[in-house]
Structures are given as C-alpha cells and as structure tokens.
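Undergrad:
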Amino acid sequence: MSAILVTGATQPLGRRLIERLLERGEDVLAAGAEAEGGFPAAVRYVQVDLTHARQIRRLLFGPGQDMGVCCVVNLAHHRRPGQARARKLHVEATRLMLRLADAHDTIERFVHRSTAEVYATRSDRPDLLREDHALNLSPGAPAWIRHRVEADLVACTQMGMSSLSVAVLRCAEILAPEMGSQLYDYLGSRICLRPLGFDPIMNVLSLEDAARAFELAVLSDESGVFNVPGADTLTLCRAIRAWGRDTVGVPGPLMGPLYRARRITRRTEFRYDLNRWRFHFNGVLDGARAGAMLGYTPEHPIAWPGQG
Amino acid sequence: MKALNALRRRLNREQHRPLLPEVFKEGGLARRMLPEELRRAADSVRVNDQGHGIDTFGLSSGGAARGLAVTYLLYEHYFRVESHHAERIPAKGRAILACNHSGMLPLDAMMVSHDVMRHSTGHRAARIAMDYFVPGLPFVNLVFSRAGGVTGSRGNFHALLESDELIAVFPEGVPGIGKPFSERYKLQTWREGHAELAIRHGAPIVPMCVIGAEEQWPQVARIEGISVFGIPYMPIPATLLPMPVKYHIWYGEPVPIPDLYPREAAHDAVAVLEAAALVKAEVAKLIARGLEHRKGIFR
Numbered sequence: 121m122s123a124i125l126v127t128g129a130t131q132p133l134g135r136r137l138i139e140r141l142l143e144r145g146e147d148v149l150a151a152g153a154e155a156e157g158g159f160p161a162a163v164r165y166v167q168v169d170l171t172h173a174r175q176i177r178r179l180l181f182g183p184g185q186d187m188g189v190c191c192v193v194n195l196a197h198h199r200r201p202g203q204a205r206a207r208k209l210h211v212e213a214t215r216l217m218l219r220l221a222d223a224h225d226t227i228e229r230f231v232h233r234s235t236a237e238v239y240a241t242r243s244d245r246p247d248l249l250r251e252d253h254a255l256n257l258s259p260g261a262p263a264w265i266r267h268r269v270e271a272d273l274v275a276c277t278q279m280g281m282s283s284l285s286v287a288v289l290r291c292a293e294i295l296a297p298e299m300g301s302q303l304y305d306y307l308g309s310r311i312c313l314r315p316l317g318f319d320p321i322m323n324v325l326s327l328e329d330a331a332r333a334f335e336l337a338v339l340s341d342e343s344g345v346f347n348v349p350g351a352d353t354l355t356l357c358r359a360i361r362a363w364g365r366d367t368v369g370v371p372g373p374l375m376g377p378l379y380r381a382r383r384i385t386r387r388t389e390f391r392y393d394l395n396r397w398r399f400h401f402n403g404v405l406d407g408a409r410a411g412a413m414l415g416y417t418p419e420h421p422i423a424w425p426g427q428g
Numbered sequence: 240m241k242a243l244n245a246l247r248r249r250l251n252r253e254q255h256r257p258l259l260p261e262v263f264k265e266g267g268l269a270r271r272m273l274p275e276e277l278r279r280a281a282d283s284v285r286v287n288d289q290g291h292g293i294d295t296f297g298l299s300s301g302g303a304a305r306g307l308a309v310t311y312l313l314y315e316h317y318f319r320v321e322s323h324h325a326e327r328i329p330a331k332g333r334a335i336l337a338c339n340h341s342g343m344l345p346l347d348a349m350m351v352s353h354d355v356m357r358h359s360t361g362h363r364a365a366r367i368a369m370d371y372f373v374p375g376l377p378f379v380n381l382v383f384s385r386a387g388g389v390t391g392s393r394g395n396f397h398a399l400l401e402s403d404e405l406i407a408v409f410p411e412g413v414p415g416i417g418k419p420f421s422e423r424y425k426l427q428t429w430r431e432g433h434a435e436l437a438i439r440h441g442a443p444i445v446p447m448c449v450i451g452a453e454e455q456w457p458q459v460a461r462i463e464g465i466s467v468f469g470i471p472y473m474p475i476p477a478t479l480l481p482m483p484v485k486y487h488i489w490y491g492e493p494v495p496i497p498d499l500y501p502r503e504a505a506h507d508a509v510a511v512l513e514a515a516a517l518v519k520a521e522v523a524k525l526i527a528r529g530l531e532h533r534k535g536i537f538r
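Okay, structure coming up:
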C-alpha cells in the first residue's frame with residue numbers, strides 16, 4: 121500500500137491535483153492549513169501548520185507512515201506578500217520535509233512547486249527562460265521572491281545528495297483566484313496601469329495544466345528542474361484586453377507610487393516592486409525539458425473573460 | 240452609464256471588435272499606409288504564433304507591417320536604398336546574416352530589416368540582434384521587437400536558430416556604430432559569437448554590407464561617462480539630422496559553415512576564430528566592391 125502526500129491541499133491547485141490523482145485510483149493523504157478539507161471520503165485529510173517542525177514530523181511519521189506515502193508533492197505556497205510566516209513556510213518547511221523524507225522508510229520521491237518568479241528577468245538575459253537561466257539572487261529583490269528562490273535552491277541542493285528522487289517544477293504564473301497570482305490581482309482593477317512604452321511578452325498557466333504537470337511529475341521518476349509553461353504567450357496589453365480591462369500607460373517611475381496608493385486604499389495585493397522587471401522585459405518559460413522528460417505540453421488555455 | 244459600460248466592454252473585446260474598423264487593429268493603420276507589394280510582404284512574414292498572434296520574442300504580422308511602414312519613407316525616399324543580390328538569402332532554414340555597422344543610430348539595422356523583409360524570397364523577417372540597452376528604451380523597444388528585433392543574448396539566438404529562423408548580427412557592435420568618420424568602412428573588432436552559433440547549429444552565414452551608412456552622420460566628439468537608458472556614451476553629431484546619403488545593401492554568397500566545420504568544432508576556439516575571420520574577410524571584400532560600384536555618397 122502506498123499513497124501520495126499533497127501539502128497545500130486546500131488551495132485550488134491542490135484540490136485539482138487530488139481530483140486527478142483520485143481519478144487514477146491513487147491513495148491520497150491531503151495536508152492543509154484549514155480545519156476541514158472538504159474532500160471525498162477516499163482522501164485522508166490532516167490539518168497541518170507547516171511552519172511548525174513538530175507538526176511536519178508528526179505528519180510524515182504519523183499518517184504518512186501509516187499510509188505508506190511514497191511521494192510528497194509540496195504545493196504549499198504563501199499567497200500574500202509581506203507576511204512574516206512566508207520564509208518559514210517556503211524555506212524552512214521545505215528543508216525539513218526534504219530531510220525527513222530522506223530518512224523516511226517509504227518516501228522515494230519529492231515534487232516541489234516553484235515559480236517562474238525565481239528567474240532573473242533583465243534586458244541582457246534571454247527572453248526564453250530555460251532551466252539553466254540565471255536566478256534572481258539580487259540582494260535588492262523583495263523578500264517574496266528571495267524566499268521562493270531559496271526554497272527552490274533548497275530542493276535543488278537535495279538532488280544527488282540523498283536517495284530521494286527530487287523534481288522541481290517551476291510554473292508560469294497560474295492565472296486563477298486564490299493562487300497568490302500577482303497578475304490575477306493586477307487584472308482585478310478596471311483600469312490597469314502599465315509602464316509607458318513597454319509591452320512585454322509573458323506566459324500564463326491555467327490551473328488545469330498546472331495540475332496535469334504535477335500529476336505527470338508524480339507518475340514519473342525523472343529528477344531535476346522542469347519549467348512548466350502555459351498555453352498562453354501574449355503581451356501584457358493583450359492580456360489586459362483579453363481580461364476585459366482597459367489599460368493606460370504611465371511613466372515607469374509613477375507606477376510604484378500609484379500601485380502603493382491603490383494597495384493602501386483598495387486593500388489589494390498587487391505590488392509593483394514584485395513585478396517591475398517583468399512589466400518591462402520579456403520572459404517566457406521554455407518547456408522543452410518538461411515536454412521531453414515528463415511528457416508535459418500545455419493543452420488548456422486560459423478562459424479569457426474579455427474574449428467573449 | 241449602462242450604455243457607456245456596454246460600449247466599453249465591446250471595445251475591450253479585441254479579438255472580435257466589430258465597433259472598430261480594420262485600421263485600428265494592430266498594424267492596421269500601417270497596412271493602409273503601405274503599397275500593395277509591401278502589404279503582401281508583411282502578411283507573408285512567418286510568425287511562430289504562440290496562440291495570440293505573436294511569437295515568443297514579440298514578432299507579429301501587425302508589428303512587421305508597422306516596422307515596414309515606419310521605415311518606408313526612410314528606405315524609399317530618404318536613403319533611396321538599392322538592394323543587391325537579396326536572392327542569396329536562403330529562402331528557408333536557419334541562417335545568419337553578418338553585416339558591418341555604423342551611423343551613430345542603428346538606421347542601418349532598420350534598413351537591413353526592411354530590405355530583407357521586402358526582397359528576400361518568401362519575405363523572411365530578419366531577427367535583428369539588438370544591443371542590451373535597446374529593450375530598455377521606451378517605445379523604441381516595441382518598434383524593434385514587433386518587427387523581429389531580438390536582444391542579442393546567446394539563449395535567444397539558440398532558440399531562434401533551433402526554430403530555423405534568420406538572424407542578422409552586427410559583429411562590430413557598439414564600437415562599430417560609434418566609429419569616428421575617419422574610421423569609416425574599416426571593420427572594428429569583429430566579435431566571433433555568430434561564428435560559434437553558426438557552427439553549433441549548422442547554419443550558413445551570409446556576409447553582407449551596408450554602403451552609405453558610414454557617412455550618414457559624422458560624429459565630431461562623444462561624451463563618455465554619460466549613460467542615458469543604458470547607451471554607453473553621448474555622441475555629438477556634426478549635423479542635426481543624418482545626411483540623405485544613398486544606401487547600397489549588398490549580400491554575398493553564403494559561407495557554407497556546416498560544410499566547413501562539424502558541430503563539435505563550436506567548442507574549438509581556434510576553429511571559431513577562423514570562421515569569424517573568414518566571414519569578416521568576406522564582408523570586407525563586399526565593402527570594397529560596394530565602394531567601387533557606387534558613384535558617390537549621395538548617388
């Protein structure tokens with residue numbers, strides 16, 4: 121008897137992945153922060169606060185041991201910028217889970233969710249981001265990005281250092297609610313401001329494709345880093361219009377203050393400082409490696425509301 | 240108010256925008272401005288469409304039309320460009336165009352882009368290598384990238400050559416564009432990255448040259464240390480505008496790099512230098528022939 125442990129199970133991606141795994145007849149141990157998971161009876165749900173080491177230990181060597189978990193899918197992601205728990209959740213929890221998984225009797229595989237935000241987007245870098253693209257290790261990078269980069273590196277460091285087979289999936293931005301998508305929040309306003317004279321190319325991922333990519337990663341035994349692009353590659357302006365919004369170009373230096381004012385007055389979560397570079401320069405994930413090794417190709421475009 | 244909102248919603252539906260005439264669609268106005276022949280050229284440009292009418296690097300059919308329209312008057316009436324042997328550009332498959340560079344502003348690159356799209360068999364878009372500071376220039380980056388320009392990074396070129404695209408490089412780089420008048424038609428330090436890429440990807444290199452651009456805008460001085468939008472210096476030109484010199488664009492016989500070097504030779508520094516020198520020599524020969532052929536700077 122073996123099962124798959126999914127952390128961040130109550131987030132939309134976790135739920136969709138679990139549905140897909142159940143359809144395949146897999147046993148699933150779901151872990152989430154909420155008291156109730158709301159999953160079908162076939163799923164065993166455990167409430168876990170991953171910022172507490174003891175709870176992680178209890179999860180892996182309690183229900184995890186009982187169910188003979190063979191694969192851990194770490195989807196837990198911090199969704200709101202600026203919270204103090206972010207580092208604990210991303211970095212420390214990932215580090216501990218990897219260490220414990222390595223010492224575990226039944227766990228053989230660890231699939232970690234990372235994001236395209238870990239890549240450095242600059243004018244002197246390629247527009248097409250391969251897995252060996254430079255990471256954003258700038259000391260000036262916001263903590264939101266630094267934590268994601270560090271968690272990604274923590275998982276990468278384990279490759280070859282332990283008996284675990286580790287796969288890191290660097291996903292394009294998942295344009296869906298409750299996924300911590302900055303772009304989703306940005307598109308929430310009626311008029312989207314953008315830097316005047318710039319219209320970068322970006323790639324976005326649908327929830328369905330993201331869940332498929334993780335499902336394929338669970339079933340595969342390939343280890344390494346894999347980019348997970350979406351089916352939509354388009355310009356920022358086109359994304360705004362396809363979402364049914366208006367856009368106004370404003371001089372770049374005004375973008376930060378205007379969005380800061382919006383964040384304070386409207387209590388929104390979009391932060392221009394997290395998105396400044398990708399609002400200027402192209403950055404599209406190259407999914408060739410995931411295609412060749414995991415069999416992943418994006419198939420489900422975003423349902424753009426403005427495209428009627 | 241309701242009616243206004245309804246109108247706004249309809250305006251936002253760009254894909255099916257019945258309210259707006261063709262002219263307001265991307266490149267629509269540009270298409271109107273172009274003569275029929277160039278409109279057809281823009282329409283037949285191959286775009287590796289990623290689902291929204293645009294490729295990963297920003298090339299779109301509308302952008303190609305806009306690029307042709309922006310450069311049309313300069314190409315046709317100001318620089319009166321004459322194209323020679325554009326049929327030597329491969330009609331399909333990966334290839335690299337290697338050209339001299341000059342003129343203080345990259346007007347030569349714009350003319351090359353226009354010329355290739357206009358005269359090459361199958362109206363190919365030359366993916367012009369842009370210097371790193373160009374993507375940081377507001378608006379300029381859009382004109383270049385939508386018409387096929389690409390930041391000159393190795394990763395971009397790898398991807399483009401793997402997709403069998405046509406790349407245009409200026410191995411003299413910024414030192415070429417900023418060369419003083421006294422150095423005109425003298426090739427500056429010739430970078431060899433294009434030779435390595437050509438060997439690695441089995442792509443032929445088409446040597447080419449632009450005659451005329453080296454005299455278009457003499458530079459009397461430059462102020463070093465002032466960097467605006469990443470441009471490494473501030474040039475002081477002798478004239479307010481570039482002079483209406485006559486451009487001649489010459490294409491040479493392709494250097495058959497795949498026949499000369501196996502792909503493994505991309506790791507061999509000596510072979511790469513040798514291939515780059517071979518291309519440089521071909522470009523120098525073309526320049527000499529082009530200078531001999533022209534009747535004068537303005538003719």
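Residue numbers (our numbering), protein chains in the order written: chain A, 121 to 428; chain B, 240 to 538.
All C-beta atoms in this analysis are idealised placements derived from N, C-alpha and C, irrespective of residue type, glycine included.
Am I right that B/R366 and B/G342 are in contact with their C-beta atoms under 8 Å? What's the rounded C-beta distance?
TA: Actually they are not in contact, since the Cβ atoms of B/R366 and B/G342 sit about 20 Å apart, beyond 8 Å.
Undergrad: Helix, strand or coil: how does DSSP classify B/N339 here?
TA: In the structure shown, B/N339 sits in coil (DSSP, three-state: anything other than H, G, I, E or B).
Undergrad: Can you give the Cα-Cα distance for A/K208 and A/A275, rounded to whole angstroms?
TA: Rounded to the nearest angstrom, the two C-alpha atoms are 15 Å apart.
Undergrad: Using a cut-off of 7 Å between C-beta atoms, extract the partners of B/G297 located in chain A.
TA: Neighbours of B/G297 on chain A, chain order: I321, N402.
Undergrad: Thinking C-beta only, is B/V445 closer than 9 Å to B/P497?
TA: No. Outside cutoff.
Undergrad: Among the residues of its own chain, which have a CB less than 7 Å from the CB of A/Y306, if the five just before and after it don't count?
TA: Cβ within range, chain order: C312, F390.
Undergrad: Note the first and the last residue of the continuous alpha helix (DSSP H) segment covering B/F540.
TA: Within the shown structure, residues of chain B are numbered from 240 to 538, placing residue 540 of chain B beyond reach of any answer.
Undergrad: State whether the stretch 374 to 387 of chain A contacts the stretch 323 to 338 of chain A, with contact taken as three or more CB pairs (one from each stretch) at a distance under 8 Å.
TA: With a cut-off of 8 Å, the stretch 323 to 338 of chain A and the stretch 374 to 387 of chain A do not count as touching, because too few Cβ pairs lie within range.
Undergrad: According to DSSP, simplified to helix, strand and coil, what is A/I360?
TA: Correct three-state label for A/I360: helix.
Undergrad: Counting only C-beta atoms, is B/G290 closer than 9 Å to chain A at any point?
TA: Yes, B/G290 counts as interfacial toward chain A.
Undergrad: Alpha carbon to alpha carbon, how far is B/L436 from B/Y311? Give it in angstroms, no decimals.
TA: Their backbone Cα atoms lie some 32 Å apart in a straight line.
Undergrad: What three-state label does DSSP hand A/V345 in the structure shown?
TA: In this structure, A/V345 counts as strand in the three-state DSSP scheme.
Undergrad: Residue range of the alpha helix (DSSP H) that A/L77 falls in?
TA: No answer is possible for residue 77 of chain A: the residues shown for chain A start at 121 and end at 428.
Undergrad: Considering only the alpha carbon of each residue, which of B/H323, B/R270, B/P483, B/L344 lies closest to B/G557?
TA: No answer is possible for residue 557 of chain B: the residues shown for chain B start at 240 and end at 538.
Undergrad: What does DSSP give as the partner residue(s) for B/H487 in the beta ladder?
TA: Its beta-bridge partners are B/E321, B/I450.
Undergrad: Among B/A407, B/P501, B/K425, which residue has its Cα nearest to the Cα of B/I526?
TA: Out of B/A407, B/P501, B/K425, B/K425 has the C-alpha closest to the C-alpha of B/I526.
Undergrad: Taking A/S234 as part of the beta strand (DSSP E), name the residues at either end of that continuous run.
TA: Note, A/S234: beta strand (DSSP E), 229 to 235.
Undergrad: Using a Cβ-Cβ cut-off of 6 Å (strictly less than) and excluding sequence neighbours within five positions of A/Y239, which residues of its own chain qualify?
TA: Closer than 6 Å at Cβ, skipping near neighbours: L249, H253.
Undergrad: Given that B/F420 touches chain A, what residues does it touch there, using C-beta distances under 8 Å?
TA: Result: empty, since nearest Cβ-Cβ is about 30 Å, beyond 8 Å.
Undergrad: Kindly indicate which three-state DSSP category A/G376 falls into: helix, strand or coil?
TA: Helix, per DSSP.
Undergrad: Pairs of beta-carbons, one from the stretch 509 to 529 of chain B and one from the stretch 348 to 360 of chain B, closer than 8 Å: are there three or more?
TA: With the cut-off at 8 Å, the stretch 509 to 529 of chain B and the stretch 348 to 360 of chain B do not touch.
Undergrad: Helix, strand or coil, according to DSSP, for B/V262 in the structure here?
TA: Any answer about B/V262 is weak, because its pLDDT of 49 lies below 50 and its placement is not dependable; what the coordinates show is given next. Note: B/V262 maps to helix in three-state DSSP.
Undergrad: Just to confirm my understanding: we take B/G529, look at its own chain, exclude 5 residues before and 5 after, and list those with CB closer than 7 Å. What are they?
TA: Closer than 7 Å at the Cβ level, and outside the excluded window around B/G529, lie C448, I450, H487, W489.
Undergrad: Tell me the rounded alpha-carbon separation between A/M187 and A/L137.
TA: C-alpha separation (whole angstroms): 19 Å.
Undergrad: Can you tell me where the alpha helix (DSSP H) holding B/N287 begins and where it ends?
TA: Run containing B/N287: none; DSSP gives neither H nor E here.
Undergrad: Using a beta-carbon distance below 9 Å, is A/R135 in contact with chain B?
TA: False, the Cβ-Cβ gap to chain B never drops below 9 Å.
Undergrad: Could you tell me which of A/G317, A/C357, A/V231 sits nearest to A/E342, measuring between CA atoms?
TA: With distances taken between Cα atoms, A/E342 lies closest to A/V231.
Undergrad: For the stretch 350 to 362 of chain A, enumerate the residues whose C-beta is nearer than 8 Å to any C-beta of chain B, in chain order.
TA: Within the stretch 350 to 362 of chain A, the qualifying residues are A351, D352, T353, L354, T355, R358, R361, A362.
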